[in-house]
Amino acid sequence: MGDVQVKSSKGSKLKVDFNLLQSGTWVLERKGKQRIHYFEKNVGDGKVVIYNALDVPSPFDSKVLDYLMLKSQENDWSQEIVIPAISTIIKDLGLGKRKQTIERIKKSLKILKNTHIEFHNCFIDNGVLEHFEEGTWELVSIGILAKYGLERIKGRGNPLSVKVVFDNDFISLCRHSLGYKLIPYAPINGLRDTAYALYKWAWRWFNTEKGYGERWIGNGKSLVEWYKNELNSVGNYKYPSEILRRVKSAIKQLNENPEVSFYLQLKEEENNYKIEIYRKEQCTIKREIPFDKLPPVLRRTVISLIERKKHIREPFALARSMSWEELERLLKGVVVVSVPKDIWEFITNDVMAKTPVETEKKEFEETVLGVEEQGDEVLVAFESSKLKKKSLITTLLDAFTPNWRSFIQEAVGYLKEARAIKT
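The sequence shown begins at 19 in this note's numbering and counts up one residue at a time.
Below you can see the structure in the form of structure tokens.
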């Protein structure tokens, strides 16, 4: 099997079988390093169980799966795919290329390899599974990934390639399913956890031909059950008001995202709640995404700053939801320096990469927030406070490009330029 041809996901639609759409491939609302090995929910008269000896998938892991499924779909639903470099996955998911991000992608692959989904009296049988002939099955259990591997290959930077082999029945279900939805892929990476779950849920009930869909979600105890069973929540909510607050926040994010093709409205009628789904072109709501307007060096810087905050699992989604004012507050105290490309390559490849002192490497990683090549120059974002004290990086810059301080500009200045020319 050759390498996957990397294509733009803009405009792509991911085929999702109804069984996978109703079961979900994520579990919401774990806290910190909490691990969950088993999640059970009701589906009609049956139930779905997602289990994993390691840890059931979070929305982040589910997004990694969506990405792998899309790459398989683009290659005629190939069971085996090879991504030439793990950095490609990171880039396509809109994540900053940092050591912890690479490790998190590796963890996702391990989680997906160990995840199984059980359908108890609720599997929609359309005779497409390789190992289950058409019939009435009380229980169907399928895996997601059969195996995966990582290989360091020769080439610039010695990239780490990723090989993934899907479970036979899983890929057969994806390829041959007769009951499915085509879900626009573009918005997925920019959505926070609950909005991501609600996005997948809404596509179950949205009729694209009519441009409309609706679903009653209940009130009181029935609303709590809806939230657990439909959005795969393990949150222990005592009051419906807590759920309504989360749902309203998720709806707001979806409605303000210009890449989401529908618009949601939460309505209350006779002490009961429902969600109505309209084709967005019928509505006037539009909102720019300031993060997308930033130059690459500032986008990488924003992701780096967000990743430093504890328990932020979706830095890209958070970044794309921020206003210009929020970005300005975040970038306050950040400066951008223009450095000759050959000097910067010497500092990073010949000095910092080969230094045996781990504290120096760590200091370098903490000081440099973002990098962007511009011809013979490299724009480097730093925390200004780090440059005010003597360090290895300032010593190197002083030695090899003594006038570097005259090229310092505040990041907020770049941000204001981007805001001024936004379209």
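Think of the CB as a built atom: it goes at the ideal place given N, C-alpha and C, for glycine as much as any other residue. Quantities reported herein were computed from a predicted structural model and do not represent experimental measurements.
Give the C-beta separation of residue i and residue j to the nearest angstrom, bearing in mind that I take them to be a contact with Cβ-Cβ under 8 Å.
i	j	result
Leu-32	Tyr-203	5 Å
Leu-414	Val-369	6 Å
Trp-219	Gly-231	Their Cβ separation, rounded to whole angstroms, is 11 Å, which puts Trp-219 and Gly-231 out of contact at 8 Å.
With DSSP run on the structure shown, which of helix, strand or coil describes residue i?
i	result
Ser-356	strand
Pro-77	helix
Ala-213	helix
Lys-406	coil
Ile-303	Unreliable positioning characterises Ile-303 in this predicted model, as indicated by a pLDDT of 45, which lies under 50. The coordinate reading is nonetheless provided below. Coil.
Trp-342	helix
Arg-48	coil
Ser-159	strand
Lys-59	strand
Ser-424	helix
Ile-101	strand
Trp-234	strand
By Cβ distance, which residues of its chain are closer than 7 Å to residue i, with the 5 residues on each side in sequence left out?
i	result
Thr-43	Pro-75, Ser-80, Leu-83
Leu-241	Ile-235, Pro-258, Ile-261, Tyr-291
Leu-88	Ser-27, Ser-30, Leu-32, Tyr-203
With C-beta atoms as the reference, is residue i less than 9 Å away from residue j?
i	j	result
Ser-339	Arg-423	no
Leu-178	Ile-171	yes
Glu-395	Ser-356	yes
Asp-40	Cys-192	The question names Asp, yet the displayed sequence has Gln at residue 40. Their beta carbons are not under 9 Å apart, which means Gln-40 does not touch Cys-192 by this criterion.
Lys-181	Phe-36	no
Thr-212	Ser-279	no
Gly-238	Phe-137	no
Lys-408	Glu-384	no
Pro-313	Ala-436	yes
Ile-104	Ile-120	yes
Less than 6 Å between C-beta atoms, sequence neighbours within five positions excluded: which residues of the same chain meet that for residue i?
i	result
Tyr-214	Pro-77
Pro-333	Ile-321, Ile-324, Glu-325
Ser-251	Leu-46, Glu-47, Tyr-245
Lys-176	Note that residue 176 is Asn in the sequence shown here, rather than Lys. So the qualifying residues of the chain are Arg-170.
Leu-38	none
Taking all protein chains shown into account, do 16 or more other C-beta atoms lie within 10 angstroms of the C-beta of residue i, making it buried, or fewer, making it exposed?
i	result
Asn-70	buried
Tyr-432	buried
Gly-208	buried
Lys-443	In this structure the chain extends from 19 to 441, so residue 443 is not present and cannot be described.
Gly-62	exposed
Gly-50	exposed
Gln-427	exposed
Gly-112	buried
Who are the Cβ neighbours of residue i in its own chain at under 8 Å, not counting the five residues just before and after it?
i	result
Thr-319	Leu-349, Val-352, Leu-387, Gly-388, Ala-399, Ala-429
Asp-185	Ile-160, Gly-161, Ile-162, Leu-163, Ala-164
Phe-418	Ile-361, Phe-364, Ile-365
Tyr-255	Val-242, Tyr-245, Ile-261
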